[in-house]
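Participant: Position one of the sequence shown corresponds to residue 642 (the numbering used here), numbered consecutively onward.
All C-beta atoms in this analysis are idealised placements derived from N, C-alpha and C, irrespective of residue type, glycine included.
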Amino acid sequence: MIRQLTNVDKEVLTRYLKQVDQDFPIPLSEKVDLEEYSDKILLNGIGFVHIVEENIAGAILFYANDLETKMAYISVLSVSSAYRKRGIAQGLLTTCLQKCEAMGYQTICLHTHKTNYGAISLYEKNGFQRFDDGNRPGDWYLERKL
């Protein structure tokens, strides 16, 4: 079951992010404080989680708040290792894309590490185009029109 996060989900989200932190090519905790990041997402962003047996199996966290450019930004898409290869990431990404389209956004983008082959494959299968980003040499910039 996929559901949208609400303001009361800070502890649950922070706990999940700590659980999957080491699954990223560069741990998320090396880039941000996970509790502050949870606050920021719940205040300024949108998050969806896939729940299996009352546990968060996966999450997509994104920003759709740039009303001038109508460009949304995916900050995190992750699936807990115990739940991979079940279509959870695809379901979360589809939910995000549909939400952004419904909000009138025209483009969605993200950065991912160049060694994150599974993520790159998922995004390209969903119509994202990959570009080099001179400002972030270890990352790909991916973008899709909605």
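Taking Tyr782 as the reference, give the member of Thr753, Asn757 and Ile687 with the closest Cα.
Facilitator: For the residues Thr753, Asn757 and Ile687, the minimum Cα distance to Tyr782 belongs to Thr753.
Participant: Could you tell me how far apart the beta carbons of Ile697 and Tyr657 are, in whole angstroms, since I believe they sit closer than 8 Å?
Facilitator: Yes, they are in contact, since the Cβ atoms of Ile697 and Tyr657 sit about 4 Å apart, within 8 Å.
Participant: State the CB to CB distance for the pair Leu675 and Lys651, rounded to an integer number of angstroms; the pair is presumed to be in contact (CB under 8 Å).
Facilitator: Actually they are not in contact, since the Cβ atoms of Leu675 and Lys651 sit about 10 Å apart, beyond 8 Å.
Participant: Determine the contact status of Leu734 and Ile761, defining contact as a CB-CB distance below 8 Å.
Facilitator: For Leu734 and Ile761, no; Cβs fall outside 8 Å.
Participant: Just confirm the distance between the C-beta atoms of Ile749 and Arg785, as a whole number of angstroms; I'd bet it's less than 8 Å.
Facilitator: Confirmed, about 5 Å.
Participant: Taking the alpha-carbon of Ile682 as reference, which of Val653, Asp664 and Glu709 has the nearest alpha-carbon?
Facilitator: Of the candidates Val653, Asp664 and Glu709, the one whose C-alpha sits nearest the C-alpha of Ile682 is Val653.
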